[in-house]
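Position one of the sequence shown corresponds to residue 258 (my numbering), numbered consecutively onward.
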Amino acid sequence: MKTSNSTLDLQRLCLGLVTPHAAGHRHRFLTKLFALTKAYRRGLPSIEAVFKTCGLPPTLHRRKKATELASALEVYNLHFSHLHKLPWELILKIVTHISSVDQIIFKMSCRRYNFVNGFVDVLWITPAEKKDMRRRLKRDTFGALAALEPLNAGLLSEMLCGSCKMLHPRSSFTAPEACKPTHRRKCIGAAGTFHFCEHWILDFEALHKLSSNRADNQVPEIACYECYFRFIVGIPLCPNFFRTSSGDIHTFRMILNEPISTRQLLRADLEHYMTHNSISTLCPHTQLNDPAFLNKLMMNPLGTSLAWYNDSSDWLARPSTSVYVARTCSICDSTVFCGQVVGKRGGRIVAGVYRNLGTMQDPLDPLWLAHQDVQHASQPLRRSHELDPLSLVGRVAARRIWDMIVDYQD
258 MKTSNSTLDL QRLCLGLVTP HAAGHRHRFL TKLFALTKAY RRGLPSIEAV FKTCGLPPTL
318 HRRKKATELA SALEVYNLHF SHLHKLPWEL ILKIVTHISS VDQIIFKMSC RRYNFVNGFV
378 DVLWITPAEK KDMRRRLKRD TFGALAALEP LNAGLLSEML CGSCKMLHPR SSFTAPEACK
438 PTHRRKCIGA AGTFHFCEHW ILDFEALHKL SSNRADNQVP EIACYECYFR FIVGIPLCPN
498 FFRTSSGDIH TFRMILNEPI STRQLLRADL EHYMTHNSIS TLCPHTQLND PAFLNKLMMN
558 PLGTSLAWYN DSSDWLARPS TSVYVARTCS ICDSTVFCGQ VVGKRGGRIV AGVYRNLGTM
618 QDPLDPLWLA HQDVQHASQP LRRSHELDPL SLVGRVAARR IWDMIVDYQD
């Protein structure tokens, strides 16, 4: 009797599931399989009957064991996992308030996430968030790597960072940090600091928390009343004026906001304001009191609204026009702008500094490392652990009220 197409399909299926190893088992399986084809004239048996008679191939046997293990782990998690013990309302509340990266990690660790996944929208994952997700998942191996490091201390080309919980090249650590224990060791990015002014200094961990913990799109602010400046972290910038990248964290420092007696701003007055001791440093690579930098700043109008200028150096001679100039550091992407604002009752000089800190996800980001500065031991600096968020809220609110009063008087 001629073999049907369904019979040939069943034979090809069974032959494809047999692995090359275990020759004895393969020979017995094929013998039983071809012997079973003689009985096909009485009806095509099911695939379960074939495997029951011939036995499971090794590939399916391993797959069955993996499935049984996964089922056993699922039953264990349903009774002993703390995540599975949470009520459905609380799980839904957690899922709707975490980021897209946390949602993927939560999905990998809790099977009940699949039941509530239909109630929330998983946002698009950016490359920076994917890198951060992989970094968080790799942190589980920090303990095992820390235990193996003393055994191969002289042979490893990479060292563990206690802050990042990851391996970095040896060049990413200073000589004193390389001699510290694993859990206390920090790379140059995690140990580096960022100077807002002469009184405020924050490290990578504090800036990362300050830029990440936002509520209702509120931009975090820090006020320094020793030099009467205000700093804003995480502001968006216009790509037409500054070189920016999506996802980068920026800091803004308003360095000047002073009234002038006349509507015309003189070059000498501007140099006097810009060369003040408290605002003399733009970044670790540029000084505002440098005459060459001031000349380049005056010749660089900001935006397209000043395209009608025939001579950019003559913008100070226009007392009835509000104009701005800007200059960007080519190394760390820091931008300073200044100009005159003309009102009904007089003029005002304004100046600010934008500094691009990168994504603030990787301590070894070149943009973050470019802002590392040498600490001045002669000046008292306020460390990041001295931050008081409750007092900052009241101080920022008081500063805003004072700005409203000043604007109303002008």
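Backbone N, C-alpha and C fix where the C-beta goes; we use that ideal spot for every residue, glycine too.
What's the call for residue i, buried or exposed, on a 16-neighbour Cβ count within 10 Å?
i, result
"residue 436", "exposed"
"residue 613", "buried"
"residue 337", "exposed"
"residue 593", "buried"
"residue 330", "exposed"
"residue 508", "buried"
"residue 711", "Limits of the chain in this structure are 258 at one end and 667 at the other, which puts residue 711 out of reach."
"residue 354", "exposed"
"residue 414", "exposed"
"residue 510", "buried"
"residue 551", "buried"
"residue 347", "exposed"
"residue 545", "buried"
"residue 597", "buried"
"residue 270", "Confidence is the limiting factor: at residue 270 the pLDDT is only 45, short of 50, which leaves the residue's position unreliable, though a coordinate-based value still follows. Exposed, by the Cβ-count rule."
Which same chain residues end up closer than 7 Å to residue i when comparing Cβ atoms and leaving out the 5 residues on each side of it in sequence?
i, result
"residue 467", "477, 490"
"residue 642", "For residue 642, the pLDDT reaches just 36, beneath the cut-off of 50, and the residue's location in the model is therefore unreliable, although a value from the coordinates is still provided. Closer than 7 Å at the Cβ level, and outside the excluded window around residue 642, lies no residue."
"residue 439", "403, 406, 417, 419"
"residue 645", "In this prediction, residue 645 has a pLDDT of 38, which is less than 50 and means its spatial position is unreliable; what the coordinates show is noted afterwards. So the list is empty, once near-sequence residues are dropped."
"residue 568", "Low per-residue confidence applies at residue 568: pLDDT is 43, beneath 50, and the placement is therefore not dependable, though the value from the model is reported in the following sentence. Within the same chain, residue 568 has no close Cβ partners at all."
"residue 429", "444, 445, 621"
"residue 542", "586, 588, 589"
"residue 350", "none"
Between residue i and residue j, which are expected to be in contact by the criterion C-beta below 8 Å, what is the C-beta distance as a whole number of angstroms?
i, j, result
"residue 607", "residue 595", "7 Å"
"residue 624", "residue 584", "The pair is not a contact, with the Cβ atoms about 18 Å apart (cut-off 8 Å)."
"residue 621", "residue 425", "7 Å"
"residue 512", "residue 610", "6 Å"
Answer yes or no: do residue i and residue j have a C-beta to C-beta separation smaller than 7 Å?
i, j, result
"residue 540", "residue 587", "no"
"residue 488", "residue 453", "yes"
"residue 434", "residue 422", "no"
"residue 481", "residue 456", "yes"
Tell me which same chain residues have a C-beta within less than 6 Å of the C-beta of residue i, skipping the five on either side of it?
i, result
"residue 506", "468, 491, 614, 617"
"residue 629", "449"
"residue 441", "419"
"residue 515", "606"
"residue 334", "341"
"residue 479", "488"
Taking 8 Å as the limit between beta carbons, can you name the residues of its chain near residue i, skipping five residues before and five after?
i, result
"residue 431", "445, 448"
"residue 547", "none"
"residue 399", "417, 422, 423"
Within 7 Å (strictly less), CB to CB, does residue i reach chain C?
i, result
"residue 448", "Structure shown: chain C not included; a single protein chain is present."
Under the criterion of a Cβ to heavy atom distance below 6 Å, does residue i qualify as lining the ligand FMN?
i, result
"residue 342", "The ligand FMN is not part of the structure shown, which contains no ligands of any sort."
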